[in-house]
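Numbering (this note's numbering), first residue to last: 27 to 222.
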C-alpha cells in the first residue's frame, strides 16, 4: 500500500519458489518414528521428521559415532517453548542415552564407565577370555586414555548432553554430537539455572 493507505497495482503474481511451508515442529516421541516426504524444487525431496526418538551421535574426542535414544530436550537458546513442548530443532541441547558409548568404551579401553563401586557379583564373575592380540590393543589404547570429570559424572548418571547438528524438518534425521569441554560446562550451567 501507499503511505496514504491507497492500494498499489499488482505488478507480479505469486511464484512457487517464493512459497514458504509450515514448520515441521519435530517432536520427541519415545518408540515412534514418523517421517513424511515433501516434494522440493527441481525434482528433489525433503524429509519432514514429525516424530523422532533416536539419532546418530558422535563423540568427537574419541572419534566414534553410535545410534542412541534421545531422552529429553534439555535447553534451547531460541525459545523456552521448544524445550517445554520437547521440540527437536538444529542446535537444540538434548540428553541422550550413554549405554552405546559405554559399551564401546569397555570394548576399546577395557574400562567400565558408570560403575560406582565393585559389587560381590563382579568379584565372582569370570573375566572374559581375550586373545593376546586383543589385550595388546587394549593396553596400547589405554596409554593415551583421558576422560574429563564432567563426562565421568554424566556416564555415572547414564545420560550425556548432546547438541543436534542436523535439521530434522529438512533431512528427516536427528543427528548430533556429544558435548565436551567448555561447551559442556556452559550448557550444564544453563541447565542448572533453569532448574532454579
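Backbone N, C-alpha and C define an ideal beta-carbon position, used for all residues, glycine too.
Selection from the options that minimises the alpha carbon distance to residue i
{"i": "residue 200", "options": "34, 209 and 188", "result": "188"}
{"i": "residue 184", "options": "140, 209, 78 and 74", "result": "140"}
{"i": "residue 204", "options": "84, 220 and 127", "result": "84"}
{"i": "residue 67", "options": "171, 220, 177 and 43", "result": "43"}
{"i": "residue 197", "options": "60, 40 and 30", "result": "60"}
{"i": "residue 219", "options": "73, 100 and 91", "result": "100"}
{"i": "residue 213", "options": "191, 121 and 138", "result": "121"}
{"i": "residue 171", "options": "156, 190, 134 and 186", "result": "134"}
{"i": "residue 173", "options": "193, 35, 156 and 137", "result": "137"}
{"i": "residue 37", "options": "45, 46, 31 and 27", "result": "27"}
{"i": "residue 53", "options": "75, 46, 45 and 32", "result": "75"}
{"i": "residue 94", "options": "221, 216 and 186", "result": "186"}
{"i": "residue 128", "options": "103, 79, 160 and 90", "result": "90"}
DSSP three-state assignment for residue i, whether helix, strand or coil
{"i": "residue 36", "result": "coil"}
{"i": "residue 123", "result": "strand"}
{"i": "residue 161", "result": "helix"}
{"i": "residue 138", "result": "coil"}
{"i": "residue 114", "result": "coil"}
{"i": "residue 202", "result": "strand"}
{"i": "residue 28", "result": "coil"}
{"i": "residue 47", "result": "coil"}
{"i": "residue 62", "result": "strand"}
{"i": "residue 171", "result": "coil"}
{"i": "residue 128", "result": "helix"}
{"i": "residue 77", "result": "strand"}
{"i": "residue 67", "result": "helix"}
Residue i: first and last residue of the uninterrupted alpha helix (DSSP H) it sits in
{"i": "residue 110", "result": "106-110"}
{"i": "residue 56", "result": "Per DSSP, residue 56 belongs to no alpha helix (DSSP H) and is neither H nor E."}
{"i": "residue 180", "result": "175-182"}
{"i": "residue 207", "result": "207-221"}
Limits of the unbroken beta strand (DSSP E) element including residue i
{"i": "residue 82", "result": "80-85"}
{"i": "residue 195", "result": "Premise fails: residue 195 lies in the alpha helix (DSSP H), 194-197, not in any beta strand (DSSP E)."}
{"i": "residue 186", "result": "185-190"}
{"i": "residue 100", "result": "90-101"}
8 angstroms contact criterion, which residue i and residue j should meet: CB distance rounded
{"i": "residue 49", "j": "residue 195", "result": "7 angstroms"}
{"i": "residue 206", "j": "residue 177", "result": "7 angstroms"}
{"i": "residue 86", "j": "residue 96", "result": "Rounded, the Cβ-Cβ distance is 18 angstroms, inconsistent with contact."}
{"i": "residue 193", "j": "residue 116", "result": "5 angstroms"}
{"i": "residue 114", "j": "residue 78", "result": "6 angstroms"}
Buried versus exposed, by CB contacts within 10 Å (16 or more), residue i
{"i": "residue 179", "result": "exposed"}
{"i": "residue 70", "result": "exposed"}
{"i": "residue 30", "result": "exposed"}
{"i": "residue 109", "result": "buried"}
Proximity test, Cβ basis, 8 angstroms: residue i and chain C
{"i": "residue 93", "result": "No chain C appears in the structure shown, which is made up of a single protein chain."}
Residue i beta carbon near the ligand GDP (any heavy atom closer than 7 angstroms)
{"i": "residue 130", "result": "Judged by which ligands are present, the structure shown has none, so any question about the ligand GDP falls away."}
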